[in-house]
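In the working numbering, the protein residues as written are 34 to 242. C-beta: ideal position from N, C-alpha, C; glycine also. Computed from a predicted structure; not experimentally measured. First comes the structure, then the notes that go with it.
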Ligand SMILES: NC(=O)c1ccc[n+]([C@@H]2O[C@H](COP(=O)([O-])OP(=O)(O)OC[C@H]3O[C@@H](n4cnc5c(N)ncnc54)[C@H](OP(=O)(O)O)[C@@H]3O)[C@@H](O)[C@H]2O)c1
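Encoded structure:
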């Protein structure tokens, strides 16, 4: 399967590198192939290809959005996602590690509004990027959970297989309005680790009986 990544910094690279090693074809979607993060990513993984954003979307089955939230509106305007899944890893973060949209609406619902031709699935967001390249714990019975939310079941089905291939237990938590709560989970993790000094390689498991 071919995946496109808009944004190949901390988050985009960790996910893309993990998945490339599992056999996925990775296209870095950037209209400026000379950008710093693109060049760094290509040095670290020469198997990545680079295409302009619209061409990358057309050449891929699923696109990831791993950009600073504030660039998304301009970036997404005019792109045609052709009804394909768009995995939103971005988070609106405000002052003092608060929700950047005042918790009134999720960033992913705004992304869906700005990318009406995509089926947006929120995923790869509730932990720091350190956990996305290799989420395996050798002696653990359970895999860490990756929670996702979205309105389209076919899109979530595709994203489930990608999440599982990357080493997580995939849990669908419902429709895209649940993304707001995933964004708050991200803020919880970020405050615990970046502010309060908890270990950056901690994640949560989903247990059910
Ligand atoms: N850091 C974390 O632990 C973490 C965890 C979960 C989610 N997130 C969220 O994930 C997103 C990315 O975070 P990050 O830490 O990966 O950021 P980052 O390392 O700064 O990478 C950002 C990427 O976005 C690209 N970009 C910036 N402006 C762009 C534009 N106008 N058009 C196209 N591409 C653009 C950059 O490319 P250039 O080099 O071309 O500028 C770069 O590849 C953020 O929304 C963040 O809140 C972060």
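From the options, residue whose alpha carbon lies closest to that of residue i
| i | options | result |
| --- | --- | --- |
| residue 136 | 222, 44, 212 | 212 |
| residue 221 | 55, 132, 45 | 132 |
| residue 62 | 181, 105, 90, 106 | 90 |
| residue 67 | 59, 41, 54 | 41 |
| residue 228 | 77, 130, 69 | 130 |
| residue 83 | 188, 49, 107 | 49 |
| residue 141 | 116, 127, 158 | 158 |
Rounded distance between the beta-carbons of residue j and residue i, thought under 8 Å
| i | j | result |
| --- | --- | --- |
| residue 124 | residue 97 | With a Cβ gap of about 14 Å, residue 124 and residue 97 do not count as contacting. |
Boundaries (first-last residue) of the alpha helix (DSSP H) holding residue i
| i | result |
| --- | --- |
| residue 59 | Here residue 59 belongs to no alpha helix (DSSP H); instead the beta strand (DSSP E) covers 58-62. |
Neighbourhood of residue i by C-beta distance below 6 Å, restricted to the same chain and skipping five residues each side
| i | result |
| --- | --- |
| residue 204 | 178, 180, 239 |
| residue 208 | 184 |
| residue 47 | 162, 165, 166 |
Sequence-distant residues of its chain with Cβ nearer than 8 Å to residue i (five each side left out)
| i | result |
| --- | --- |
| residue 192 | 95, 118, 120, 154, 156, 181, 183, 203 |
| residue 44 | 99, 122, 157, 162, 165 |
Proximal residues to residue i (C-beta, below 7 Å), its chain only, five neighbours per side dropped
| i | result |
| --- | --- |
| residue 93 | 35, 36, 37, 60 |
| residue 86 | 39, 62, 63, 64, 112 |
Opening and closing residue of the beta strand (DSSP E) in which residue i lies
| i | result |
| --- | --- |
| residue 179 | 178-183 |
| residue 38 | 35-39 |
| residue 204 | 202-205 |
Requested in this report: Kindly provide the ranges of any beta strand (DSSP E) runs that are 3 or more residues long and lie completely inside the segment 63-111, ordered along the chain.
Outcome: Within the segment 63-111, the complete beta strand (DSSP E) runs of at least 3 residues are 82-84, 95-98.
**Report entry** In chain order, each alpha helix (DSSP H) run of at least 4 residues that lies wholly inside the segment 129-173
**Finding:** With a minimum length of 4 residues, the continuous alpha helix (DSSP H) runs that stay inside the segment 129-173 are 140-147.
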